[in-house]
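Below is one structure, written out as structure tokens; the observations come after it.
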Amino acid sequence: MEQILVTGGAGFLGSHLCERLLALGKQVICLDSFLTGNRRNIDEFISNPLFRAITRDVIEPIDLGVDQIYNLACAASPPRYQADPVHTLKTSVLGALNVLSLAQRERARVFQASTSEIYGDPEVSPQSESYWGRVNPFGPRACYDEGKRAAETLFYAFHKHHGVDIRVARIFNTYGPRMGAEDGRVVSSFVAQALMNQSITIFGDGTQTRSFCYVDDLVDGIVQLMDVSVPPSGPVNLGNDVEITVRELAETIIDLTGSASRIEHLPLPENDPRRRRPDIALARRTLGWAPRTPLAEGLRRTIAWFEEALAADAAEFETFAMPIGRAA
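What follows is the structure, given as structure tokens:
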């Protein structure tokens, strides 16, 4: 039976990936520092004999016997990765080095969760994998953007010089159940604020765009990329290519929740991308993959999950729903 390591496995995306792999009958090791991961995300897996959780920071060397590695370790919400930029860089760079060294020793296939932030504040749209991006190396988002760019460089260096079997996906905005209401990402913040009838805080005028992919669809793409026998020679964009403005997203969430919330505008953070839309032609062609969940349906599922969280702990939820400088 294959033994699979998921770094960052207690995070939003990581926990969904662990759940999928367990459903496929795989043995799963979740490695997480729990600095941003949440133990509640993996509580339901603890009793599964195929699942094991290890508390460890990916910046430390890893010595495990594994057949595959999914490297998802790194805070992904701007307020969290900006809180300790040095550690964010260490997580991306040293973390990549450690999982690649493990993959080389174990002859394991390894997946890197890269990001649309590779493209920075892009001058072209949609963004294809051939676009080199427009990143400010000294801005507040640089610790994440440049860390992920360096991680990609390490992955391709290990592939070229050591023959490591790598897969790299550039992941665009993803949403769904288990998002933290406090993490500062736009969907979770809007849903939390709407359910609390707080003001929906839009940074900037709301005309900036994003393309939102439901988490189940994204996990489909990740697993398909990992399983394909002949992968693309470079990174693959995974995301939804349907573009929507941030204001349209806020209005949709207000409508779906029946909220009395009003929209409030705050200054746009530095280097916040004006447009974010993936070109997913490569994923369609090489993986036969495309997202299937319409935004309204995915939002309904996400809202239902947040409503359960609100009912379970209203006091904690109210604190989490407060805006904390959202920039994604």
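Numbering (the numbering used here), first residue to last: 1408 to 1735.
Built from N, CA and C at the ideal position, the CB exists for glycine as well.
Predicted model, so just to flag it, every value in this text is computed and none were measured.
message: Please report the straight-line C-alpha distance between H1568 and F1562, rounded to a whole angstrom.
response: 10 Å
Stretch-stretch touch, CB-based, cutoff 8 Å, three pairs: the region 1444-1462 with the region 1506-1520: no
message: Restricting to runs no shorter than 4 residues, where is the alpha helix (DSSP H) found entirely within the region 1628-1672?
response: 1653-1664
- prompt: Since E1671 contacts T1581 with CB under 8 Å, what's their CB separation in whole angstroms?
  reply: That pair is no contact at about 25 Å.
- request: Just mark P1533 as buried or exposed, buried being the case when its beta carbon has 16 or more other beta carbons within 10 Å.
  value: buried
field: Nearest-angstrom Cα separation, counted from R1684 out to E1650
entry: 6 Å
message: Need the endpoints of the alpha helix (DSSP H) that T1498 sits in, please.
response: 1492-1513
field: D1720 versus E1704 - alpha carbon distance
entry: 25 Å
query: Any idea what DSSP makes of G1611, helix, strand or coil?
result: coil
field: Short Cβ contact (8 Å threshold) for R1541 with P1529
entry: yes
- prompt: Does DSSP classify M1729 as helix, strand or coil?
  reply: Reliability of the predicted coordinates at M1729 is poor, the pLDDT of 42 falling under 50, and no value is obtained from them.
message: Is the beta carbon of R1654 closer than 8 Å to that of G1736?
response: Examination of residue 1736 is not possible in this model, given that the chain is present from 1408 through 1735 alone.
query: Going along the chain, which residues of its own chain have a beta-carbon closer than 7 Å to the beta-carbon of V1531, five neighbours each way excluded?
result: Y1538
Opposing strand residues paired with T1522 [DSSP bridges]: I1578
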